[in-house]
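If you're matching positions, the sequence shown starts at 833 in my numbering and goes up one per residue.
Glycine included, every Cβ here is placed at the ideal spot set by N, Cα and C.
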Amino acid sequence: MVNRMKIIMLGAPGAGKGTQAKMIADKYQIPHISTGDIFRANIKNGTELGKEAKTYMDKGELVPDELTVRILLDRVAQPDCEKGYVLDGFPRTIPQAEVLDQELTKRNEKIDYAINVEVPDENIVRRMSGRRACVSCGATYHLVHIPPKKEGLCDKCGTELILRDDDKEETVKNRLGVYHDQTQPLIEYYSNKGVLQSVDGTIDMMDVFKGITDILGE
Ligand code: ADP
Ligand code: AMP
């Protein structure tokens, strides 16, 4: 098994980045770092950071780079990240990617894989309206495709599942626009660095995962 892997998940909101990142983290025993989860935990705990992030998230906009980068760099400086990590939802802009690269270069490190989970826009709104999330442990489900064992309750911790505020149809449409404008250029950015790998995200989640482990190795 490859150690110290640094992986980035790319893809539209709702492409399945989080679903796959959690499986990658389990299999390769590396931390799963989701900036969205970090912001949601801060919102839940009522921190200043959470209050600021919420004003952007509720509209489907990106939280400013400065704030997001600071949070991410603090997180990857933690000791558990020495064995590598899988980033889910970061970077979302070219400046975020550049700052991450600069920090990694200082330490003689680099991103090993950028995995682009491809799902066309037509599928996304359907995916998001069916997504149910656990605010307690971060697990995600889908009403039709990946239902919880007990309706409305998280399999892992029993907490009641919610429809995220930013998964309402109008906000999802805005988030898709933001994705195409600001995040999609990262596909070319990582392709130019020779680390981009794309997988079809429309198939069953276990088949998507098989495609990813074929890339990462056993
Ligand atoms: P992202 O992290 O990219 O925003 P998620 O991993 O939260 O996306 O997935 C979005 C929704 O789609 C969730 O409800 C999830 O359960 C569902 N989902 C994820 N992968 C698949 C798949 N391969 N097929 C069908 N539904 C999926
Ligand atoms: P996610 O859980 O990844 O879908 O993120 C939910 C929301 O959090 C996004 O729509 C943004 O408002 C915010 N967010 C998460 N990650 C980032 C990031 N890297 N840059 C800016 N905003 C982010």
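- Here residue 919 is not near residue 965, since their CB atoms are 8 Å or more apart.
- Between residue 949 and residue 847 a beta carbon distance of about 4 Å is seen, short of the 8 Å cut, so the two are scored as contacting.
- Taking 8 Å as the cut-off, the beta carbon of residue 945 is found no closer than this to the beta carbon of residue 1035.
- Residue state for residue 948 is assigned as strand, using DSSP reduced to three classes.
- Using a C-beta cut-off of 8 Å, the region 952-970 makes no contact with the region 928-938, since fewer than three inter-stretch Cβ pairs fall below that distance.
- In the three-state DSSP reduction, residue 1049 falls in the coil class, being neither helix nor strand.
- If you ignore the 5 residues before and after residue 841, its C-beta comes within less than 6 Å of the C-beta of 849, 853, 920 and 947, all in its own chain and listed in chain order.
- Excluding residues up to 5 positions away in sequence, 973 and 987 lie with their Cβ nearer than 6 Å to the Cβ of residue 980 in the same chain.
- For residue 926 against residue 845, the beta-carbon gap comes to about 18 Å, at or over 8 Å, which does not count as contact.
- Taking residue 961 as reference, the option from 1019, 995, 876 and 863 with the minimal CA-CA separation is 995.
- Residue 998 is a Cβ neighbour of residue 1007, given a cutoff of 8 Å.
- Taking all protein chains shown into account, residue 896 has fewer than 16 neighbouring C-beta atoms within 10 Å of its C-beta and is therefore exposed.
- Closer than 7 Å to some heavy atom of the ligand AMP: that describes the Cβ of residue 895.
- In this structure, DSSP gives residue 965 an extended state, which the three-state scheme calls strand.
- In this structure, DSSP gives residue 839 an extended state, which the three-state scheme calls strand.
- In the DSSP assignment, residue 916 forms a beta bridge with 837.
- In this structure, the CA atom of residue 941 is about 35 Å from the CA atom of residue 959.
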